[in-house]
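Novice: First the structure, then my questions, so here it is.
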Amino acid sequence: MQLKPALEQGIALLEKGGIPSPRIAAEVLLMHALVCDRAHLYAHPERELTEVEWIHYGRYLNERLSGKPTQYITGHQEFWGLDFLVNPSVLIPRPETELIVEAALALARRHFSVSKASPEKTEKTDSSERTELFIADVGTGSGCIAVALAKELPHAHIYALDLSPQALETARQNAHRHDVEKRITFLLSDLLEPTVEIPIPQFNLLVSNPPYVSDIIIDSLMPEVRYFEPQEALLAGETGQEIYARLIPQAARAMPSGGYLVLELGYDAQEKVRSLLAAPRWEDVAWLPDLAGIIRVVTARRKP
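If you read the sequence shown in this note's numbering, its first letter stands for residue 421, the second for the next number, and so on.
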């Protein structure tokens, strides 16, 4: 079969199966089967698929019809303009999570020196004046946030923490393929509590996209999320806010005065997080909306 009818057939199958954005999904799966880009796909509509390509394409379509996310079929997802390896041990990076990177970069460049350390500044200890920037990405998953920050802040010291050994291995692979592996320390850790006793610095910038889905609403999630993405990276407990209640106090202990916290928020987490940040250790709390106007990220400064 030629490319054009193969693509149209795939679109029709996915549309009939109720798959969102069937054209995009069919294009991506066909490109994956042919190991080609979109330009090639449309520049050669008359090209005949080989038997092997047709078998692969059919298998990918069937996997997508079963509910398996396209990203887990291809093993790739773009984030911050970078290509990341993904698999069922990590959440698929979402575009809205790029707001964490944007907020963290703005804070780093506004309040810290992000250039190479100079001798006259290395003795300063207040985090707002320290040349060396220590960043923790708590619950790193695929490593998308840590890697994006490492690419943008080449002199920062970044720690990527996760409780899943499989997730940490994926994050390490992504750091390697983007040439930042030597600048990221990977730690097996339950939030900010490493599973082995090792010295870690105080972090003057802490970022996290933590689990924030309530156990109660798991059945209402899209099948792609409910059945295929790692529940330990999604579910926080009965209210969906249990991780915030643990992480924010831990962050206050792990950060020096003047350090900044950057968290992604669940849709109903704002009031709970507001109360946690009302404690005497936090100030300069800011709520950042996404493009739809939904509050998606909160930042806060550790009080002196």
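Glycine residues also receive a C-beta, built at the ideal position from the N, C-alpha and C atoms.
Using the Cα positions of residue 641 and residue 438, report the straight-line distance between them to the nearest angstrom.
Specialist: C-alpha separation (whole angstroms): 15 Å.
Novice: Should the segment 569 to 582 be called in touch with the segment 593 to 607, which here means at least 3 C-beta pairs below 8 Å?
Specialist: Counting Cβ pairs under 8 Å, three or more are found: they touch.
Novice: Residue 718 by DSSP, collapsed to three states: which one?
Specialist: Reduced to three states, the DSSP call for residue 718 is strand.
Novice: Look at the Cβ atom of residue 717, then the Cβ atom of residue 684, and state whether they are nearer than 8 Å.
Specialist: It is a contact, given that the beta carbons lie within the stated cut-off.
Novice: Are residue 628 and residue 558 close, meaning C-beta to C-beta below 8 Å?
Specialist: It is a contact, given that the beta carbons lie within the stated cut-off.
Novice: Near residue 613, which residues of its chain fall below 8 Å by C-beta distance, leaving aside the five closest residues on each side in sequence?
Specialist: 670, listed in sequence order.
Novice: Can you tell me which of the three DSSP states residue 500 falls into?
Specialist: Residue 500: coil per DSSP, three-state reduction.
Novice: Just mark residue 544 as buried or exposed, buried being the case when its beta carbon has 16 or more other beta carbons within 10 Å.
Specialist: Residue placement at residue 544 is flagged as unreliable, the pLDDT there being 41, under the threshold of 50; the coordinate-derived value follows with that caveat. Looking at its Cβ environment, which holds fewer than 16 other Cβ atoms inside 10 Å, residue 544 is exposed.
Novice: Helix, strand or coil for residue 490? Go by DSSP, reduced to three states.
Specialist: If DSSP states are grouped into helix, strand and coil, residue 490 belongs with the helices.
Novice: Expressed to the nearest angstrom, what Euclidean distance is found between the alpha-carbon atoms of residue 452 and residue 422?
Specialist: Answer to the nearest angstrom: the Cα atoms are 16 Å apart.
Novice: Looking at the structure shown, is residue 655 part of a helix, part of a strand, or coil, going by DSSP?
Specialist: Of the three classes helix, strand and coil, the one that applies to residue 655 here is strand, per DSSP.
Novice: Taking the C-alpha atoms as reference points, what is the distance between residue 720 and residue 505?
Specialist: Looking at the two C-alpha atoms, the distance is approximately 31 Å.
Novice: Just to confirm, are residue 567 and residue 600 a CB contact at a threshold of 8 Å?
Specialist: Taking 8 Å as the Cβ cut-off, residue 567 and residue 600 qualify as a contacting pair.
Novice: Taking Cβ positions, are residue 722 and residue 678 nearer each other than 8 Å?
Specialist: Their beta carbons are under 8 Å apart, which means residue 722 touches residue 678 by this criterion.
Novice: Quick one: residues in its chain with C-beta nearer than 7 Å to the C-beta of residue 735, no 5 flanking neighbours on either side, listed in chain order?
Specialist: There is simply no residue 735 to check, as the chain begins at 421 and stops at 724 in what is shown.
Novice: Is residue 614 helix, strand or coil when you go by DSSP?
Specialist: Three-state result, residue 614: strand.
Novice: Among 424, 517, 644, 623, which has the Cα closest to the Cα of residue 532?
Specialist: Residue 532 has its Cα closest to that of 623, out of 424, 517, 644, 623.
Novice: Taking the alpha carbon of residue 621 as the reference point, which residue from 673, 575, 508 has its own alpha carbon closest?
Specialist: Of 673, 575, 508, the residue nearest in Cα terms is 673.
Novice: Ignore the nearest five residues each way along the sequence and tell me which others in residue 572's own chain have a CB closer than 6 Å to its CB.
Specialist: For residue 572, where only same-chain residues beyond five positions count, the Cβ hits under 6 Å are 525.
Novice: Could you say which of 556, 598, 495 lies nearest to residue 520 if we only look at CA atoms?
Specialist: Cα-wise, what sits closest to residue 520 is 556.
Novice: Rounded to the nearest angstrom, what separates residue 541 and residue 553 at their Cα positions?
Specialist: Legend: pLDDT at residue 541 = 39, less than 50; position of this residue unreliable, no value from coordinates given.
Novice: Given residue 446, which residues of its chain have a CB within under 7 Å of its CB, disregarding the five upstream and five downstream residues?
Specialist: Same-chain partners within the cutoff: 427, 430, 431, 434.
Novice: Which residues share a DSSP beta bridge with residue 604?
Specialist: Paired residue(s): 578.
Novice: So for residue 689, helix, strand or coil by DSSP?
Specialist: Here residue 689 sits in coil by DSSP.
Novice: Check for me: the beta strand (DSSP E) holding residue 366 runs from which residue to which?
Specialist: Outside the displayed span of the chain (421 to 724) sits residue 366, for which this structure offers no information.
Novice: Let me know the secondary structure DSSP gives residue 512 once reduced to three states.
Specialist: DSSP places residue 512 in coil when its eight states are reduced to three.
Novice: Taking buried to mean at least 16 other C-beta atoms within 10 Å of its own C-beta, is residue 695 buried or exposed?
Specialist: Result: exposed.
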